[in-house]
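Residue numbers (this note's numbering), protein chains in the order written: chain A, 6 to 315; chain B, 9 to 316. Ideal placement from N, C-alpha and C gives every residue a C-beta, glycine not left out. The structure under discussion appears below in the form of structure tokens.
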Amino acid sequence: METERKDLTPDLFGAVEIDEREGERIAGPPVGFWKDSWRRLKKNRGALISLGVITLLFLMAFILGPLLSQYGPYAQDLSRRFQGPSAEFWFGTDDFGRDLWSRVWAGTRVSLYIAFLAAAIDLLVGVPYGAISGYLGGRIDDIMQRIIEVLVGIPGLIVAILAMTVFSPGIITLSIAVAFTGWVYMARIVRGRMLQLKEQEFALASRSLGAKGFYLIRKHLIPNSLGPIIVNMMFTIPTAIFYEAFLSFIGLGIQVPRASLGSLIDSAAAEIRFHPYLLVFPSIIFVLLMVCFNLLADGLRDAFDPKMRK
Amino acid sequence: MLRYVLKRAAYMIVTLFIIISITFFISKLLPGTPFADEKLTPQLREVLFEKYGLDEPLYVQYARYMLNVAQGDLGNSFYFEGTPVTQMILQRLPVSAFLGVQAVILGLVLGLGLGIIAALKHNTWWDTLAVVVAVIGIAVPTFVLGPILQYIFAVQLGWFPVAFFESWWHSVLPTLALSVFVISTVARFVRTEMLEVLGQDYVTLAKAKGLSGLAVILRHVLRNAMIPLVTVLAPLTIYLITGSLVVEKIFVIPGIGEMFVSSIQVNDYSMILGTTIFFSVLFIIALLIQDILYGIIDPRIRVAGGKE
Numbered sequence: 006m007e008t009e010r011k012d013l014t015p016d017l018f019g020a021v022e023i024d025e026r027e028g029e030r031i032a033g034p035p036v037g038f039w040k041d042s043w044r045r046l047k048k049n050r051g052a053l054i055s056l057g058v059i060t061l062l063f064l065m066a067f068i069l070g071p072l073l074s075q076y077g078p079y080a081q082d083l084s085r086r087f088q089g090p091s092a093e094f095w096f097g098t099d100d101f102g103r104d105l106w107s108r109v110w111a112g113t114r115v116s117l118y119i120a121f122l123a124a125a126i127d128l129l130v131g132v133p134y135g136a137i138s139g140y141l142g143g144r145i146d147d148i149m150q151r152i153i154e155v156l157v158g159i160p161g162l163i164v165a166i167l168a169m170t171v172f173s174p175g176i177i178t179l180s181i182a183v184a185f186t187g188w189v190y191m192a193r194i195v196r197g198r199m200l201q202l203k204e205q206e207f208a209l210a211s212r213s214l215g216a217k218g219f220y221l222i223r224k225h226l227i228p229n230s231l232g233p234i235i236v237n238m239m240f241t242i243p244t245a246i247f248y249e250a251f252l253s254f255i256g257l258g259i260q261v262p263r264a265s266l267g268s269l270i271d272s273a274a275a276e277i278r279f280h281p282y283l284l285v286f287p288s289i290i291f292v293l294l295m296v297c298f299n300l301l302a303d304g305l306r307d308a309f310d311p312k313m314r315k
Numbered sequence: 009m010l011r012y013v014l015k016r017a018a019y020m021i022v023t024l025f026i027i028i029s030i031t032f033f034i035s036k037l038l039p040g041t042p043f044a045d046e047k048l049t050p051q052l053r054e055v056l057f058e059k060y061g062l063d064e065p066l067y068v069q070y071a072r073y074m075l076n077v078a079q080g081d082l083g084n085s086f087y088f089e090g091t092p093v094t095q096m097i098l099q100r101l102p103v104s105a106f107l108g109v110q111a112v113i114l115g116l117v118l119g120l121g122l123g124i125i126a127a128l129k130h131n132t133w134w135d136t137l138a139v140v141v142a143v144i145g146i147a148v149p150t151f152v153l154g155p156i157l158q159y160i161f162a163v164q165l166g167w168f169p170v171a172f173f174e175s176w177w178h179s180v181l182p183t184l185a186l187s188v189f190v191i192s193t194v195a196r197f198v199r200t201e202m203l204e205v206l207g208q209d210y211v212t213l214a215k216a217k218g219l220s221g222l223a224v225i226l227r228h229v230l231r232n233a234m235i236p237l238v239t240v241l242a243p244l245t246i247y248l249i250t251g252s253l254v255v256e257k258i259f260v261i262p263g264i265g266e267m268f269v270s271s272i273q274v275n276d277y278s279m280i281l282g283t284t285i286f287f288s289v290l291f292i293i294a295l296l297i298q299d300i301l302y303g304i305i306d307p308r309i310r311v312a313g314g315k316e
């Protein structure tokens, strides 16, 4: 193929103006920490589905569940004992003729309450404790850490038992057991972050501008630790939910006629031979809660700190 | 090293001291005494109080209680009158220990195997299997798994007895229920560690100098991947304690866990508190062993003063 050759003369070329500032131009909208994390979380299908399922369970437990049944969780009727799942009783009835559907959602409410409590204790006790301990350092840090070391040695089960012998078993005992040792790991994590962050330049800068301890912690150090804090909180939640169900199962938690997923599973286990449906429904909801919170926590960890991914 | 061990041991003793002190004061707070029987005349009650030292000041009682506990005397059961708690625990210990040890061995063998295979065949269906087992182990607790196993293998298939503890066959289902958590914990741990070690330069070096695949894995990868397995020791102990409560209750096995749960049901406080102390000692010893092993295995921890 023949192409016409043009003579390349210098006047065909011109200098390209390079604007030095062009390199500084931001091509897209800036992506902050939250947006970046959310983008990574959105890619994690398991975590997203889990988030959806948890929202659904919340809705069912607090709004739809009670609305869709005309029987309360405590209403007994011995004439309708052990009815299998039907159009009237969607999950069937138990040995006192109570509607299992209502009882399962009542139990879910207990689980979610415990989840909320554990998260709140983590934030209200664990974070300040760790922040103060890590920021102040020295003697105070030493004492606060010794206290934690002793607390770590006390298993949660023991606390629950001791609380039960003073108060009666029930929601108060459960709350104490969860509150007593639940915050310890959060305090350790936050303290570690504080030790790391307080020596960094931005903290020094803020301090040299006159920021005092509390302001510095609140405005700079804690916001910079939010990733680990949220992730740790999300891992506390399934642990607390499991713990509540376990205590209720062995008779230390929620007492009849009140319902908890653990106590429902406990009484169902006794009837398993003839009425397996009693075990199926509370177990499914419980396992769903556990799986979803675990997957969501995993997803959040990957989203906030991709380096931690394993 | 010795200093480190002593320091750890000191913390453990303080923790134990606090737990036992709390149990003492709680036992004082409890409603009702073992001598609240209305048939007792005031004189008789006085004699009994004197005999058990209940008329003495609190600090004397406290000191004696501490001394007794230090000697392994956890008091007498309220419910089974006059039977020492220690004796009842020792009577039931062999069954619980047998079940626990069997579950841990099964869990370690299967967990290690699954973890190793999953890491070597990373991103294959073996790997997926390990991850699924790990999720099940965490999300499906013993108190759900136990009844399910009972229903499938005992009620429906009739392969194993439903409950009670009369022969080795009776221990199969409880052991299985107990070990699922161990399997999943160990498998997940080994898989993660193996994957990390497999990517290390010294593994590449070992391969490069011509070692066979098996030798590399046995001598270099496994050895280094096993070290962090120590961290599961303390959680595993807690798990076996709590797990035994559940499993022994479900399968009606005459172990410590079953005794404990039934003493909760009859409000046998002295039994509850005595067993609580026993569990605490068990856990704290496990924690101490774990800390010491840490120190031996990883010198960095000692240098850092044993924090974290």
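Collapsed DSSP secondary structure at B/Pro92 in the structure displayed: strand
Alpha-carbon to alpha-carbon, B/Leu137 and B/Pro92: 48 Å
A/Ile181 at chain B interface by Cβ criterion, 7 Å: no
Short CB-CB distance (under 7 Å) between B/Phe291 and chain A: yes
Rounded C-alpha distance that separates A/Lys315 from B/Tyr210: Reliability of the predicted coordinates at A/Lys315 is poor, the pLDDT of 41 falling under 50, and no value is obtained from them.
C-beta contact flag for B/Val112 and B/Val13 at 7 Å: no
Spatial neighbours of B/Ile300 in its chain, beta-carbon cut-off 7 Å, leaving aside the 5 residues before and after: Val13, Arg16
Cβ of B/Val255 within 7 Å of any chain A Cβ: no
Contact set between the segment 292–306 of chain A and chain B, restricted to residues whose Cβ is under 7 Å from the partner: Val292, Met295, Val296, Asn299
DSSP-derived helix/strand/coil call for A/Asp127: helix
For A/Asp104, the three-state DSSP class (helix, strand or coil): strand
CB contact check: A/Phe254 to chain B, cutoff 7 Å: yes
Per DSSP, cross-strand counterpart(s) of A/Thr98: A/Asp104
B/Tyr277 versus B/Thr284 - alpha carbon distance: 10 Å
For B/Asn84, three-class secondary structure by DSSP: strand
Option in A/Val296, A/Ser265, A/Gly304, A/Tyr282 with minimal Cα separation from A/Ala111: A/Ser265
Helix, strand or coil at A/Thr186 [DSSP, three-state]: helix
A/Lys317, buried or exposed, once every other Cβ within 10 Å from all chains shown has been counted against 16: The displayed coordinates of chain A run from 6 to 315. Any statement about residue 317 of chain A would go beyond what the structure contains.
B/Pro262 at chain A interface by Cβ criterion, 7 Å: no
Local conformation of B/Trp167 per DSSP, three classes: coil
Simplified DSSP state of A/Tyr76, which is helix, strand or coil: coil
Test: A/Ser288 CB closer than 7 Å to a CB of chain B: yes
Rounded straight-line distance, which links the Cα of A/Gly215 to that of A/Met295: 46 Å
Cβ of B/Tyr19 within 7 Å of any chain A Cβ: yes
Simplified DSSP state of B/Lys315, which is helix, strand or coil: Any reading at B/Lys315 must be qualified, since the residue scores a pLDDT of 41, below 50, and its modelled position is unreliable; the value itself is stated next. Residue state, collapsed to three classes: coil.
Cutoff 7 Å; reference A/Phe207; Cβ partners in own chain excluding five residues on either side: His225
A/Gly175 and A/Ile126 closer than 7 Å at C-beta: no
Status (buried if at least 16 other CB within 10 Å, exposed otherwise) for B/Val103: buried
7 Å Cβ cutoff met for A/Pro262 and A/Asn299: no
Nearest-angstrom Cα separation, counted from A/Ile54 out to B/Leu184: 31 Å
Chain-ordered chain C contacts of A/Phe251 [CB-CB under 9 Å]: Protein chains A and B are contained in the structure displayed, whereas chain C is not.
Same chain, Cβ closer than 8 Å to B/Val311, five either side skipped, listed in chain order: Bear in mind that a pLDDT of 46 at B/Val311, under 50, signals an unreliable position, so the number given afterwards is only what the model happens to contain. Counting only Cβ-Cβ distances below 8 Å, and skipping sequence neighbours, we find nothing.
Length of the line joining the Cα atoms of B/Leu37 and A/Val171: 7 Å
Distance, A/Gly37 Cα to B/Gly313 Cα: Confidence at B/Gly313 is low in this model, with a pLDDT of 45, below 50, so the placement of that residue should be treated as unreliable; the coordinate-derived value is given next. Spanning the two alpha carbons is a distance of roughly 38 Å.
In chain order, each alpha helix (DSSP H) run of at least 4 residues that lies wholly inside the segment 227–311 of chain B: 231–234, 241–258, 264–273, 277–305, 307–311
Contact with chain B by A/Gly158, beta-carbon distance below 7 Å: yes
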